[in-house]
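Scroll down for the structure; my scribbles are underneath it.
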Amino acid sequence: MVYYGGMKTTPIGIELEPEERQVLQSWCRGHNTPHKLVFRADIILRAADGVPHRRIARELRTSRPTVIHWCHAFSRHGVDGLQDIQRPGRPPRLGEEKIQQVIAATLKKPENATHWSTRQLAAQMGVSHMTIHRIWRAVDLKPHRTETFKYSRDKKLEAKVIDIVGLYLHPPEKALVLSVDEKSQIQALDRTQPLLPLRPGQVERHTHDYVRNGTTCLFAALNVSTGEVIGDCHARHRHQEFLKFLRRLDGETPPEVDLHLILDNYSTHKHEKVARWLNRHRRFHLHFTPTGASWMNQIETWFGIMTSRRIRRGAFKSVEELVDAIQRYIEANNQNPRPFAWTKSADKILAKARPCKEFSVTRH
Numbered sequence: 011m012v013y014y015g016g017m018k019t020t021p022i023g024i025e026l027e028p029e030e031r032q033v034l035q036s037w038c039r040g041h042n043t044p045h046k047l048v049f050r051a052d053i054i055l056r057a058a059d060g061v062p063h064r065r066i067a068r069e070l071r072t073s074r075p076t077v078i079h080w081c082h083a084f085s086r087h088g089v090d091g092l093q094d095i096q097r098p099g100r101p102p103r104l105g106e107e108k109i110q111q112v113i114a115a116t117l118k119k120p121e122n123a124t125h126w127s128t129r130q131l132a133a134q135m136g137v138s139h140m141t142i143h144r145i146w147r148a149v150d151l152k153p154h155r156t157e158t159f160k161y162s163r164d165k166k167l168e169a170k171v172i173d174i175v176g177l178y179l180h181p182p183e184k185a186l187v188l189s190v191d192e193k194s195q196i197q198a199l200d201r202t203q204p205l206l207p208l209r210p211g212q213v214e215r216h217t218h219d220y221v222r223n224g225t226t227c228l229f230a231a232l233n234v235s236t237g238e239v240i241g242d243c244h245a246r247h248r249h250q251e252f253l254k255f256l257r258r259l260d261g262e263t264p265p266e267v268d269l270h271l272i273l274d275n276y277s278t279h280k281h282e283k284v285a286r287w288l289n290r291h292r293r294f295h296l297h298f299t300p301t302g303a304s305w306m307n308q309i310e311t312w313f314g315i316m317t318s319r320r321i322r323r324g325a326f327k328s329v330e331e332l333v334d335a336i337q338r339y340i341e342a343n344n345q346n347p348r349p350f351a352w353t354k355s356a357d358k359i360l361a362k363a364r365p366c367k368e369f370s371v372t373r374h
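All residue numbers for the sequence shown refer to our numbering, where the first residue is 11 and numbers rise by one.
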């Protein structure tokens, strides 16, 4: 005689139909069966084989009342008795109308802040901050987050996108496609105290303050097909330096191939003297990115990688030291160059760019 649920009860024997035994055995063998169902099926199979409840509990490392509970559940309801019963939860305290009021209030900015916090809105709506959190999570509202965007107002947007994407996906024969730009105002920053190096259990550390030791401007051209980079550092960022860089490109590329340069709309690239030089060097062809779409220029991606890997965490005591670091990075890049893989078609870019203006809240 044992106690079950506060009442005396006699342990019962389990008799299995062949179909029931087959189901329980499939549960025990199944790789995707929840552990709790495997556990319950194992109890019933052992009990059906005549194993005493106390021994089942000891072998499965559970309690005897647990074994008796699932044996009784199976005897009453069969295999279905081993499943969890769906129990009704506490009814929601907030009605749908109140939830919609919280959502509507979230979409409107507060008077003295740029966005709501859970506690600020909770005080405004007369509910708990966890209630606000649950509502935001349910409808995927994230007032604390923001992202940037910019759509191009270029009147020749479509033609420029088609032109540049065509160069990436279908480059012309007997020609080089070069992604060209300048990264200006690269600062030679030195920390006020020596760096504390990386070691087990401790990240690299540096002081929050720094000393400015001057700036340099990097003119660079990325060979789209190979990933190789030609780069020059200059003290200033004018059309004179840009012409010097064009002359270097002219001298370091095979003279029999045309050069297609992808550039942004910076005034230096369209200077009168630059235009005259290009008229005398007809193998140069300039392709300008749409206004506000410099991300289409692959050299911008390369600049970001260089900044992250070589500049941002560096310490440079002089401009010369900074220039040397940049040149050595370019040399290392060219020893094992890797081109970027352009995947977006012009149609996909334009399909995303056209409706952007319709969704903009502000007007300028």
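All C-beta atoms, glycine included, are put in the ideal place defined by N, C-alpha and C.
Contact annotation: S194 and C243 have beta-carbon atoms that are not nearer than 7 Å.
Nearest Cα to H247 within the set S189, V267, Y276: Y276. Here E192 carries a strand assignment [DSSP, helix/strand/coil]. Here the alpha carbons of P347 and G237 stand approximately 5 Å from one another. Assigned with DSSP and collapsed to three states, A351 falls in coil, not helix or strand.
By the 16-neighbour rule on beta-carbons within 10 angstroms, H270 is buried. Less than 7 Å divides the Cβ of M316 from the Cβ of Y339. Of the residues D90, I24, V239, the one whose Cα lies closest to the Cα of G60 is I24. Counting only the Cα atoms, Q93 lies some 18 Å from T72. In the structure shown, D242 falls within a strand segment according to DSSP collapsed to helix, strand and coil. Boundaries around N289 are those of the alpha helix (DSSP H), 282–290, since no beta strand (DSSP E) includes it. R86 has its alpha-carbon roughly 19 Å from the corresponding atom of V48.
The Cβ-Cβ distance between S189 and I309 falls below 7 Å. Within its own chain, the residues whose Cβ lies closer than 8 Å to the Cβ of A115, once the five positions on either side in sequence are excluded, are W126, L131, Q134, M135, listed in chain order. In terms of Cβ geometry, D334 and T299 do not form a close pair [threshold 7 Å]. A231 has V190, I240 as its beta-bridge partners, per DSSP.
I145: member of the alpha helix (DSSP H) spanning 139–149, first to last residue. One thing to note: T124 has its Cβ no nearer than 7 Å to the Cβ of H139.
By a beta-carbon distance limit of 8 Å, D200 does not contact V175. Their separation comes to about 42 Å. Within 10 angstroms of the beta-carbon of R39 lie fewer than 16 other beta-carbons, which makes it exposed.
Apart from the 5 residues on each side of it in sequence, K166 sits with its Cβ closer than 8 Å to the Cβ of P300 in its chain, given in chain order.
Nearest C-alpha to I359 among K170, R258, L232, E214: K170. For F298, the enclosing beta strand (DSSP E) begins and ends at 294–298. In the structure shown, H270 falls within a strand segment according to DSSP collapsed to helix, strand and coil. With respect to the C-alpha of E341, the residue from L232, R100, H297 having the closest C-alpha is L232. In this structure, F229 sits away from E262, with a CB-CB distance that is not shorter than 7 Å.
In terms of CA proximity to H279, F255 leads the group V89, Q111, F255, L206.
Only buried fits R50, as 16 or more other CB atoms lie within 10 angstroms of its CB. Its Cα nearest to that of K327, the residue N223 stands out among R64, H143, N223. Y220 is bridged by DSSP to R201. When the beta-carbon positions are compared, H249 and H295 stay at least 7 Å from each other.
Here Q212 carries a strand assignment [DSSP, helix/strand/coil]. Taking C-alpha positions only, L151 is separated from I109 by approximately 13 Å. Around the beta carbon of A303, 16 or more other beta carbons lie within 10 angstroms, which makes this residue buried.
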